[in-house]
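This report concerns only the one structure given below.
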Amino acid sequence: MDGEDEGCEQTQVTERPKWDNKVQYLLTCIGFAVGLGNVWRFPYLCQIYGGGAFLIPYAIALVFEGLPLLHMELAIGQRLRLGSVGVWNSISPYLGGLGVASMLVSFLVGLFYNMILAWILWYFFHSFQSPLPWRGCPLNLNHTGYVSECEMSSPVNYFWYRETLNITPSIETSGSLQWWLVLCLASAWCLVYICFIRGIETIGKAIYVTATFPYLVLTIFLVRSLTLDGATDGLIYLFTPKWETLKDPKVWLDAATQIFFSLSLAFGGLIAFSSYNVQKNDCERDALIVGLVNSFTSLYAAIPIFAILGFKAKENYNECQNWNILTLTNSFSIGDKNITVENYDDWLNYLNATNPSEVESLNLKTCNLQTFLDQSVSGTGLAFIVFTEAVIEMPGAQVWAVLFFVMLFSLGLSSMFGNLEGVLTPLLDLHVIPSWIPKEIFTGLICLTSFSVALIFTLGSGNYWLEIFNSYVGSVPLLIIAFFEIIGVVYVYGINRFSDDIEWMTGRRPNIYWQATWRFISPLMLLVVFVAYVVVEAEQRPTYNTWNPDYVDFPLADVQPYPEWVFAICVLLSVLPVVSIPLVALYKFLDEHPNVGHMEQDKTSRV
Numbered sequence: 001m002d003g004e005d006e007g008c009e010q011t012q013v014t015e016r017p018k019w020d021n022k023v024q025y026l027l028t029c030i031g032f033a034v035g036l037g038n039v040w041r042f043p044y045l046c047q048i049y050g051g052g053a054f055l056i057p058y059a060i061a062l063v064f065e066g067l068p069l070l071h072m073e074l075a076i077g078q079r080l081r082l083g084s085v086g087v088w089n090s091i092s093p094y095l096g097g098l099g100v101a102s103m104l105v106s107f108l109v110g111l112f113y114n115m116i117l118a119w120i121l122w123y124f125f126h127s128f129q130s131p132l133p134w135r136g137c138p139l140n141l142n143h144t145g146y147v148s149e150c151e152m153s154s155p156v157n158y159f160w161y162r163e164t165l166n167i168t169p170s171i172e173t174s175g176s177l178q179w180w181l182v183l184c185l186a187s188a189w190c191l192v193y194i195c196f197i198r199g200i201e202t203i204g205k206a207i208y209v210t211a212t213f214p215y216l217v218l219t220i221f222l223v224r225s226l227t228l229d230g231a232t233d234g235l236i237y238l239f240t241p242k243w244e245t246l247k248d249p250k251v252w253l254d255a256a257t258q259i260f261f262s263l264s265l266a267f268g269g270l271i272a273f274s275s276y277n278v279q280k281n282d283c284e285r286d287a288l289i290v291g292l293v294n295s296f297t298s299l300y301a302a303i304p305i306f307a308i309l310g311f312k313a314k315e316n317y318n319e320c321q322n323w324n325i326l327t328l329t330n331s332f333s334i335g336d337k338n339i340t341v342e343n344y345d346d347w348l349n350y351l352n353a354t355n356p357s358e359v360e361s362l363n364l365k366t367c368n369l370q371t372f373l374d375q376s377v378s379g380t381g382l383a384f385i386v387f388t389e390a391v392i393e394m395p396g397a398q399v400w401a402v403l404f405f406v407m408l409f410s411l412g413l414s415s416m417f418g419n420l421e422g423v424l425t426p427l428l429d430l431h432v433i434p435s436w437i438p439k440e441i442f443t444g445l446i447c448l449t450s451f452s453v454a455l456i457f458t459l460g461s462g463n464y465w466l467e468i469f470n471s472y473v474g475s476v477p478l479l480i481i482a483f484f485e486i487i488g489v490v491y492v493y494g495i496n497r498f499s500d501d502i503e504w505m506t507g508r509r510p511n512i513y514w515q516a517t518w519r520f521i522s523p524l525m526l527l528v529v530f531v532a533y534v535v536v537e538a539e540q541r542p543t544y545n546t547w548n549p550d551y552v553d554f555p556l557a558d559v560q561p562y563p564e565w566v567f568a569i570c571v572l573l574s575v576l577p578v579v580s581i582p583l584v585a586l587y588k589f590l591d592e593h594p595n596v597g598h599m600e601q602d603k604t605s606r607v
């Protein structure tokens, strides 16, 4: 780097904002990486993929995919002191589209992520009621009984699908805006804006609460959940490995994508956060701290979650047994003896031997604890259905509900800081903000625009659209961005030059582990995961679960294929964010070689 470049860089370094201290920076990165997925996605994957057995592909993905990419993003942002657009433009103008792609993904993910925070606020507001509003069914309009839709499903399901979402029977029926969700969404964006109004100055203050409070609540839940009846059954289910599941290639695919998305790679937020560091900072240690804390949090959250799921499974099992016992007691004359849970099997065998036809006519329920434990649920289903149902049975239900939803909101809010930073910092680096507009006003305009677009999620069909955004924006685009990021650093910027930069910043050269993963292992894993994901998605037409009270098997989900026009939008959401990568490269090429277009035009004219 010549003297002129050094002078320019020094000017940039002195003008760029900095973190108040190292703890503030680490908490912000951890808060961005640790999000809702650690609480409701990781436990779900452990449940369906053999408990402890899932940890093997998860650990492999962390070591050979997650940590190398995390280290690379933190290092390149810290060295160049720019946001995602500025970083890739400075490495090569042909890579400028990578920063735009990250910015678009951050914007689109922020749209639906903050809608989840709006739902959490709605439940938080209702958690102070006694009894909790999802404890029982409401009366019908004539006050002659309970609402049939609630009786056919359950109070918890009814409160989520009807009282909260007021969901339509299909995505083709949009429904109207739900005013209570619009207010909650506006509140969520206002809170994000207040915390973000001065950039890292206000983020750094808010992160002390949003990044640490979830651990306090998780610890409280851990202590309480381990005392619940059935908690042991849930933990045994979590940590008992089913080794045969490792033969399923989808296990490895989901493990690779989980660690990738869990660390919030390729969003641009981590690059932006690290750009506010001093350049003489140990970014390698930072990457190890953030990556390991993120994975530890997933495990730490899984323990109370599975203990509570075990408690709920035991409750369902006992209810099932008691219903059968009551049915048998009312149907047979058994004298002064009682049928209990302990002697139920003996009585059932005896009655089957003496009165088989009568027992068969009773249609007794099949009660199996393992079956209840196998009822896997992920995402919104875990937070707003299973957990809320379990909380009802816990003493002091209101307190546990309030704590749970405050924890979820804290997790989501700290992740939203990264999403918004991934949009704002590139725009600032591109100097698209007129000098006469204060940064606070521009940030407000971004939040207002995001709120306006996100109103689609407050429609009756909003939950269906949120699932589409979650599935298609936060998957393929991130894999493509990360692949080109690592190719750009290793083979365009140059691995030797990059290693020199890290040695200058940390005082030591990257060891053989970092070198091998950056050069070969990580890009190969990303390519394999991308191809496998596309193959799996292409094998069958995507479907979605609807909530339709007119469905013959209601309350079971009515599984419907996406209409053609909706499927086209799914493809568009997968492609749109990454279109900028080839388009920007093509634009730069034509800009540097203006005669290419004229030459082709001349050839056509001569023909």
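Position 291 (the sequence shown) corresponds to 291 in UniProt numbering; numbering is contiguous.
Every residue, glycine too, gets a C-beta built ideally from N, C-alpha and C.
- Every alpha helix (DSSP H) stretch that sits fully inside the segment 120-205 and reaches 4 residues is listed by chain position as 148-152, 155-158 and 179-196.
- Ranked by Cα distance from L263, the options T506, F112 and G37 are led by G37.
- In this structure, S127 sits away from Q560, with a CB-CB distance that is not shorter than 8 Å.
- Residue environment analysis places I116 among the buried positions, since at least 16 neighbouring C-beta atoms fall within 10 angstroms of its C-beta.
- Around the beta carbon of D500, a 10 Å sphere encloses fewer than 16 other beta carbons of the protein chains shown; the residue is thus reported as exposed.
- Taking the CA atoms as reference points, T425 sits about 15 Å from F32.
- Q78 has its alpha-carbon roughly 26 Å from the corresponding atom of Q258.
- Here DSSP, grouped into helix, strand and coil, assigns V432 to coil.
- In this structure, the CA atom of P133 is about 20 Å from the CA atom of N142.
- It is roughly 12 Å from the alpha-carbon of P594 to the alpha-carbon of L586.
- Taking the Cα positions, Y208 is about 24 Å away from I305.
- Close CB contacts of M152 within its chain, under the 8 Å cut and outside five residues either way in sequence, are with P549, F554 and P555 (chain order).
- Under the Cβ criterion (8 Å, minimum of three pairs), the segment 70-90 counts as touching the segment 265-275.
- Here the alpha carbons of L411 and V23 stand approximately 18 Å from one another.
- Ranked by Cα distance from K205, the options Y544, E284, T173 and Y25 are led by Y25.
- Counting C-beta pairs with one atom in each stretch, the segment 438-451 and the segment 90-100 have fewer than three that are closer than 8 Å, which means they do not touch.
- Here the alpha carbons of N496 and I91 stand approximately 14 Å from one another.
- Secondary structure of D248 (DSSP, three-state): coil.
- A check of alpha carbon separations from M505 across W160, E284, F409 and V217 identifies E284 as the nearest.
- In this chain, N343 is not harboured by any alpha helix (DSSP H), its DSSP state being neither H nor E.
- Contact between N294 and I30 holds, with the beta-carbon distance rounding to 7 Å and staying under 8 Å.
- In the assembly as shown, R541 is an exposed residue. Its beta-carbon has fewer than 16 other beta-carbons within 10 Å.
- Within the same chain, Cβ atoms closer than 8 Å to the Cβ of V453 are found at L111, the five residues on either side in sequence being excluded.
- In the three-state scheme derived from DSSP, where H, G and I count as helix and E and B as strand, Y317 is classed as helix.
- Residues of the same chain with a CB within less than 6 Å of the CB of L573, apart from the 5 flanking positions on each side, are Y472 and V473 in chain order.
- Within the same chain, and ignoring the five residues on either side of A61 in sequence, the residues whose Cβ sits closer than 7 Å to its Cβ are A255, A256 and I259.
- Counting other Cβ atoms within 10 Å of its Cβ, P563 stays below 16 and is therefore classed as exposed.
- In this structure, DSSP gives T425 a helical state, which the three-state scheme calls helix.
- Within the same chain, F107, G110, L111, N114 and W189 come within 8 Å of S450 by CB-CB distance, once the 5 residues on both sides are set aside.
- Per the DSSP secondary-structure output, T543 pairs in a beta bridge with P561.
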